[in-house]
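Okay, so here's the structure we're looking at.
Number of protein chains: 2
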Amino acid sequence: MSSDAAADRAVHGPDEPLTIGEMSRRTGVAPSALHFYESLGLIASTRTAGNQRRYARHMLRRVSLITVAKRLGIPLSDVQDAFADVPLTQTPSHDDWQRASRRWKRELEKRREGIERLERELTGCIGCGCLSMKACGLLNPDDALGSQGAGPQRLRDEDT
Amino acid sequence: MSSDAAADRAVHGPDEPLTIGEMSRRTGVAPSALHFYESLGLIASTRTAGNQRRYARHMLRRVSLITVAKRLGIPLSDVQDAFADVPLTQTPSHDDWQRASRRWKRELEKRREGIERLERELTGCIGCGCLSMKACGLLNPDDALGSQGAGPQRLRDEDT
DNA sequence: GTATGACCTCAAGTACACTTGAGGTCAAAT
DNA sequence: ATTTGACCTCAAGTGTACTTGAGGTCATAC
Chain A
1 MSSDAAADRA VHGPDEPLTI GEMSRRTGVA PSALHFYESL GLIASTRTAG
51 NQRRYARHML RRVSLITVAK RLGIPLSDVQ DAFADVPLTQ TPSHDDWQRA
101 SRRWKRELEK RREGIERLER ELTGCIGCGC LSMKACGLLN PDDALGSQGA
151 GPQRLRDEDT
Chain B
161 MSSDAAADRA VHGPDEPLTI GEMSRRTGVA PSALHFYESL GLIASTRTAG
211 NQRRYARHML RRVSLITVAK RLGIPLSDVQ DAFADVPLTQ TPSHDDWQRA
261 SRRWKRELEK RREGIERLER ELTGCIGCGC LSMKACGLLN PDDALGSQGA
311 GPQRLRDEDT
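Just so you know, the sequences run in chain order A and B.
For the first sequence, position 20 (counting from the first letter as 1) is numbered 20 according to the working numbering, and the numbering increases by one without interruption.
For the second sequence, position 145 (counting from the first letter as 1) is numbered 305 according to the working numbering, and the numbering increases by one without interruption.
Written as structure tokens, this is what we have:
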């Protein structure tokens, strides 16, 4: 019996599409998750005569970016947006990926800035002890990262 | 009929505990979510003779920190850990909060560093166009933030 | 030619983080 | 006294992101 790797190599010309198993091994994403991403339209595949999926090589990059986003807590719906304008069924051009790259960078920047702000505030809190004191930016999320909904109010003087 | 705020004010001595409604308005967290957090042991309440919840004022801070964590995509189980050593039922001391503060800061640092790393890599990718090229750190999550499971492999030369 | 492993579909199940609803109680105002 | 809004419990439902399982097909090895 040949190993998976050997099986993969058998269909492994430089332009050959990848089986779902190879995709899974190369990206670390379970086949079931790949099915799921495909059902959401995040990735796409062609089918063989026998109805098996075959992935173009540029799908590796899409899947890798999806997993990066996941690690950062970015929901798949946002990933969908980040992939806007990156062609799904044809190999994306250099410019396509550059546009996507800038989009991702902006998203990362936003998240980093939110975290940095909280870090600065926490540092202040450690210095001054205000985490157990009155008004602390960290405890006023409206200021920190923008609110959803009615939002909290600043702690009052008596809320020590 | 008195407004909510007026109703709150009625029980609003400087050391009085807060009703769930007031907690909700002050933190922007829904009462149902407060119930939920309590069921997980993230927060605690005492009860009135009539079985209504009353929250000590230091719970405001706990709830606010929970919402901060949520915005950063930190799961509640990690929040639980971050609150280790912060007393739940008695008012935490200055030192308790300082320890927690440092813990939070370390957590934020870790996340920021992960993001910064990806940003640097993306910047490189935008400059050199490698997001559409061969080996890119961004596409090698093992290097970037540590892997869970078998993990992906670096893209090969032919995977353009 | 048959066994084996990789693959297929579709339905159901899981985990997290809650929300919604039913049915009932509590407390302040009129 | 009764109305009204805030509160209670408990069960079930929601959305996201998948995994698991049943039942069957495909492709390669022996």
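Yeah, the Cβ is synthetic: ideal placement off N, Cα and C, and Gly gets one too.
On a predicted model such as this, the values are computed, not experimentally measured, just so you know.
{"Asked": "Contact set between the segment 56-82 of chain A and chain B, restricted to residues whose Cβ is under 7 angstroms from the partner", "Found": "ARG57, LEU60, ARG61, SER64, THR67, VAL68, ARG71, LEU72, GLY73"}
{"Asked": "Bridge partners - TYR215/B, DSSP secondary structure assignment", "Found": "LEU178/B"}
{"Asked": "Cβ shell of ILE203/B (< 6 angstroms), same chain only, five flanking positions each side left out", "Found": "TYR197, MET219, ARG222"}
{"Asked": "Short CB-CB distance (under 8 angstroms) between THR19/A and chain B", "Found": "no"}
{"Asked": "Segment contact flag, the segment 14-26 of chain A with the segment 65-75 of chain A, C-beta cutoff 8 angstroms, min 3 pairs", "Found": "no"}
{"Asked": "Given 8 angstroms, three or more beta-carbon pairs between the segment 83-97 of chain A and the segment 244-251 of chain B", "Found": "no"}
{"Asked": "Local conformation of THR48/A per DSSP, three classes", "Found": "coil"}
{"Asked": "For THR208/B and ARG214/B, believed in contact at Cβ under 8 angstroms, the rounded distance", "Found": "6 angstroms"}
{"Asked": "Reduced DSSP secondary structure (H/G/I, E/B, other) of MET133/A", "Found": "Caution applies to MET133/A, whose pLDDT of 43 falls short of 50 and renders its modelled position unreliable; the model cannot decide the point."}
{"Asked": "Straight-line Cα distance separating ASN51/A from LYS270/B", "Found": "44 angstroms"}
{"Asked": "Interface residues of the segment 108-123 of chain A facing chain B [CB-CB below 8 angstroms]", "Found": "LEU108, GLU109, ARG111, ARG112, GLY114, ILE115, GLU116, LEU118, GLU119, LEU122, THR123"}
{"Asked": "Distance cut-off 7 angstroms: HIS195/B Cβ against heavy atoms of the ligand SAH", "Found": "As for the ligand SAH, it is missing from this structure, which has no ligand bound."}
{"Asked": "Length of the line joining the Cα atoms of GLN98/A and ILE234/B", "Found": "30 angstroms"}
{"Asked": "7 angstroms Cβ shell around ALA30/A - same chain, five flanking residues per side excluded", "Found": "SER24"}
{"Asked": "Beta-carbon gap between ARG272/B and ARG112/A smaller than 8 angstroms", "Found": "yes"}
{"Asked": "Status (buried if at least 16 other CB within 10 Å, exposed otherwise) for LEU178/B", "Found": "buried"}
{"Asked": "Where LEU34/A falls: helix, strand or coil (DSSP)", "Found": "helix"}
{"Asked": "Counted within 10 angstroms of its Cβ, other Cβ atoms place GLY41/A as buried (16 or more) or exposed", "Found": "exposed"}
{"Asked": "Neighbour-count burial assignment, SER77/A, 16 or more Cβ in a 10 Å radius", "Found": "exposed"}
{"Asked": "Option in GLU176/B, TRP264/B, GLU279/B, LEU194/B with minimal Cα separation from ARG103/A", "Found": "GLU279/B"}
{"Asked": "Length of the line joining the Cα atoms of HIS195/B and GLY21/A", "Found": "44 angstroms"}
{"Asked": "Whole-angstrom distance between LYS265/B and ARG106/A, CA atom to CA atom", "Found": "24 angstroms"}
{"Asked": "Reference ARG277/B; option with closest CA among SER101/A, LEU108/A, SER32/A, ALA33/A", "Found": "LEU108/A"}
{"Asked": "Nearest residue (CA-CA) to THR46/A, options GLN80/A, GLU16/A, SER32/A", "Found": "GLU16/A"}
{"Asked": "Straight-line Cα distance separating ALA260/B from GLN240/B", "Found": "11 angstroms"}
{"Asked": "C-alpha gap between ALA33/A and SER39/A, whole angstroms", "Found": "10 angstroms"}
{"Asked": "GLN250/B (DSSP reduced to helix, strand or coil)", "Found": "coil"}
{"Asked": "Span separating the alpha-carbon of ILE115/A from that of ILE275/B", "Found": "10 angstroms"}
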